[in-house]
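Student: Residue numbers (my numbering): 4 to 511. Positions of the beta carbon are idealized from the N, C-alpha and C atoms, including for glycine.
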Amino acid sequence: MELFWHRRDLRVADNVGLAVAAGAGIDNADRGPAAPVFVFDPDVLDHASDVRVRRLLDGLAALRDDYRERGGDLLVARGDPETVLPRLAEALDAERVVWNRDYSGLARERDAGVRRALDAVDVSREAHHDAVLHDPDAIRTNAGDPYSVYSYYWKKWTDRAKDEPAPAPDADALVDPDRLAEAVEVVGAVDESDPTLADGGVDEPPVAAVGDLPAPSDLGFAEPDAAVGPAGTEAARERLADFLDEAVFAYEAERDYPAKDATSRLSAFLKYGEIGVREAYAATAEAMSEATSDARPDDAPGQVEEFQQQLAWREFYTQVLFHNPEVVTEDYKEYEEGIEWRDDPEEIAAWKRGETGYPIVDAGMRQLREEAFMHNRVRMIVASFLTKDLLVDWRHGYEHFRERLADHDTANDNGGWQWAASTGTDAQPYFRIFNPMTQGERYDPDAEYIAEYVPELRGVDPEVVHGWHELSPTQRANAAPDYPAPIVDHSERREDALAMYKRARGED
Ligand code: FAD
């Protein structure tokens, strides 16, 4: 028997570590059965948010139901994994604890602690690469360094062979729910002699259950105001199949237009690992075969490839984070003199509320508040606005996204923010500053996306919406009395931003 520890891989199918632990593969038929567990770790919860806790619980409910359909169940525990996992392994008499690797600095520290705790009680452990198609060490420059330029990384990434999806375990590869229940009783019992209970805290053994999930309030969180969207493998597969049916063949042409339903909306599923990346990639490879058939226009393969490129961006940023764990809080690219951010609390608050008087920015920030999601083009626009119009440190934006996005992923979120702030790997050059009005006009010409999220501007002529910064107070009052005037003048702030970066570069 093996204990499989789920973390950011809330799925049964195409789960490398689980397939191995359960003995579901050809090469490991002597392994298993597997007892799956998810552990609510107080240290991880310290960094969570209402949105992400809700999304996580939905993903766990779907995972548990998948196990139940296969005749198994999910163990749900609460406590420090360094305490919980050795106790569970012992209670189950498990030979091994298996998990899939996570690549952030914090996760790696936690995993090192768990390895030590398991070694101390002589339980073997094993970690697998699963979250990405090519692990962060696999693709390096010819000189052996990690890549910092995406286009070169992509060339190697796309040429490499990709693994097939990992097989899903069936019922006899999963530990019987009654056996899980017995183990839970042992784990929950107070054992005064157990040295793994910190500070002699014998009256607080880890909490464990079979399949029972806590409410957000049990974990110290509230129900979010935002609708976090569907969760689980089935929903992910439906979404992917829908997207690959038609939209992918126009992906490159339409992905920048937020009013269109032109992107996959897979990000939260990928973040929580509700769909395996091998499975997702294999489906895109099928779409590529269709794209090259006569039934599709000549540019169809390029459209599908553009989508595969986004999956590669995810892996590029994963390897950036893996090799540079400090980027979570520090600039990847340091400017000689340091950037003197402005950080005006009122302007930051207006940005967060979606009341900057720049319609595309406000629509994005309100989409974030309502849906815990934002379209990629608009993420770039609001991030540029915060850093280069409000001259606010990207860390404020990252914190806000981290709290509000259901798909928050340390590597991608950080990569996105540092790209916009011109401090990242392969980032936007500092002198490229988005004009929020022209961006809105180009990518939301009919102001449809804006009207969806900014009710004050509904029914207002798109020309008026896109010319909002040029209107007089009377014209604004006549067109949309409840919508604010721009809080800053973009042309002035553009000059201020250029001066800020030049000073940081020591050019002043
Ligand atoms: P699609 O266009 O359908 O792309 C498919 C998948 O590729 C995405 O689900 C995602 O996993 C990956 N992907 C797409 N674009 C990127 C990218 N630029 N970088 C890395 N991976 C990408 N993405 C996150 O998953 N989590 C985040 O926390 C996050 N924060 C961001 C913050 C900023 C400031 C910016 C500019 C971008 C951020 N992104 C983040 C990247 C991107 O905006 C989202 O992945 C995308 O909007 C999700 O929508 P989708 O699934 O429909 O994407």
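Applying the criterion that 16 or more other CB atoms from any shown protein chain within 10 Å of the CB defines a buried residue, is residue 128 buried or exposed?
Tutor: buried
Student: Are the region 92–104 and the region 60–77 touching by the rule of at least three beta carbon pairs closer than 8 Å?
Tutor: no
Student: When DSSP labels each residue in this structure, what does residue 8 get in the three-state scheme?
Tutor: Residue 8 falls in the strand class under three-state DSSP.
Student: By Cβ distance below 8 Å, which residues in the same chain neighbour residue 230 in space, the five residues on each side in sequence not counted?
Tutor: Only residues of its own chain outside the window of five on either side were considered, and among them 373, 374 and 375 have a CB closer than 8 Å to the CB of residue 230, listed in chain order.
Student: Would residue 356 be called buried (16 or more neighbouring beta carbons within 10 Å of its own) or exposed?
Tutor: exposed
Student: Tell me whether residue 2 sits in a helix, a strand or coil according to DSSP, three-state version.
Tutor: No answer is possible for residue 2: the residues shown for the chain start at 4 and end at 511.
Student: Applying the 10 Å Cβ sphere with the 16-neighbour rule, what's the burial state of residue 508?
Tutor: exposed
Student: Should residue 316 be listed as close to ligand 3, given that the test is whether its C-beta is under 8 Å from any heavy atom?
Tutor: For ligand 3, the structure offers nothing, since it holds only ligand 1.
Student: Between the C-alpha atoms of residue 178 and residue 37, what's the straight-line distance to the nearest angstrom?
Tutor: 6 Å
Student: Hey, out of 149, 20 and 221, whose CA is closest to residue 323's CA?
Tutor: 149
Student: Does the beta-carbon of residue 266, which I'm using as the reference point, lie nearer than 8 Å to any heavy atom of ligand 1?
Tutor: Relative to ligand 1, the nearest heavy atom lies less than 8 Å away from the CB of residue 266.
Student: Name the residue from 283, 316, 255 and 31 whose alpha carbon lies nearest to the alpha carbon of residue 309.
Tutor: 255
Student: With distance defined between alpha-carbon atoms, name the residue in 279, 390 and 501 nearest to residue 133.
Tutor: 279
Student: Assess, as a yes-or-no matter, whether the region 69–86 is touched by the region 40–54 under the definition of 3 or more beta carbon pairs within less than 8 Å.
Tutor: yes
Student: Say yes only if the C-beta of residue 3 is nearer than 8 Å to one or more non-hydrogen atoms of ligand 1, and no if none qualify.
Tutor: Residue coverage of the chain in this structure runs from 4 to 511, which leaves residue 3 outside it and unanswerable.
Student: According to DSSP, is residue 328 part of a helix, a strand, or is it coil?
Tutor: helix
Student: Could you please give the first and the last residue of the uninterrupted alpha helix (DSSP H) stretch that includes residue 23?
Tutor: It spans 19–25 - the alpha helix (DSSP H) in which residue 23 sits, taken as one unbroken run.
Student: With 16 as the cutoff for other CB atoms within 10 Å, does residue 391 come out buried or exposed?
Tutor: Result: buried.
Student: Going along the chain, which residues of its own chain have a beta-carbon closer than 7 Å to the beta-carbon of residue 203, five neighbours each way excluded?
Tutor: Note that residue 203 scores 47 on pLDDT, short of 50, meaning its location in the model is unreliable and no value can be drawn from it.
Student: Report back the beta-carbon spacing between residue 103 and residue 47 to the nearest angstrom; my notes put them in contact at under 8 Å.
Tutor: That pair is no contact at about 15 Å.
Student: Where does residue 172 sit, in a helix, a strand or coil, going by DSSP?
Tutor: coil
Student: Buried or exposed: where does residue 302 fall if 16 or more other Cβ atoms within 10 Å of its Cβ makes it buried?
Tutor: exposed
Student: Would you please state the rounded distance, in angstroms, between the beta carbons of residue 530 and residue 233? I believe it to be under 8 Å.
Tutor: Outside the shown range of the chain, which is 4 to 511, sits residue 530, and nothing can be said about it.
Student: Starting from the C-beta of residue 70, find all residues in its chain whose C-beta is less than 6 Å away, skip the five residues before and the five after it, and write them out in chain order.
Tutor: 76 and 77
Student: Going by DSSP in three states, residue 467 sits in which element: helix, strand or coil?
Tutor: helix
Student: Inspect the CB distances between the region 269–285 and the region 158–168 and report whether three or more fall short of 8 Å.
Tutor: yes
Student: What would DSSP say about residue 128, mapped onto helix, strand or coil?
Tutor: strand
Student: Is the Cβ-Cβ distance between residue 9 and residue 66 less than 9 Å?
Tutor: yes
Student: Residue 276: buried (16+ other C-beta within 10 angstroms of its C-beta) or exposed?
Tutor: Its Cβ being crowded by 16 or more others within 10 Å, residue 276 is buried.
Student: Confirm the yes/no value for this check: CB of residue 371, any heavy atom of ligand 1, distance under 8 Å.
Tutor: no
Student: Look at the alpha carbon of residue 190 and the alpha carbon of residue 221, and state the distance between them as a whole number of angstroms.
Tutor: 20 Å
Student: Identify which residue in 266, 115, 325 and 333 has its Cα closest to the Cα of residue 307.
Tutor: Looking only at 266, 115, 325 and 333, the smallest Cα-Cα distance to residue 307 is reached by 266.
Student: Give a single yes or no on whether residue 420 has its beta carbon closer than 8 Å to a heavy atom of ligand 1.
Tutor: yes
Student: Quick one: does the C-beta of residue 423 sit closer than 8 Å to a heavy atom of ligand 1?
Tutor: True, at least one ligand heavy atom lies under 8 Å from that Cβ.
Student: Just grab the DSSP bridge partners of residue 149 for me.
Tutor: 143
Student: Run through DSSP, which three-state label would residue 458 get?
Tutor: Three-state result, residue 458: helix.
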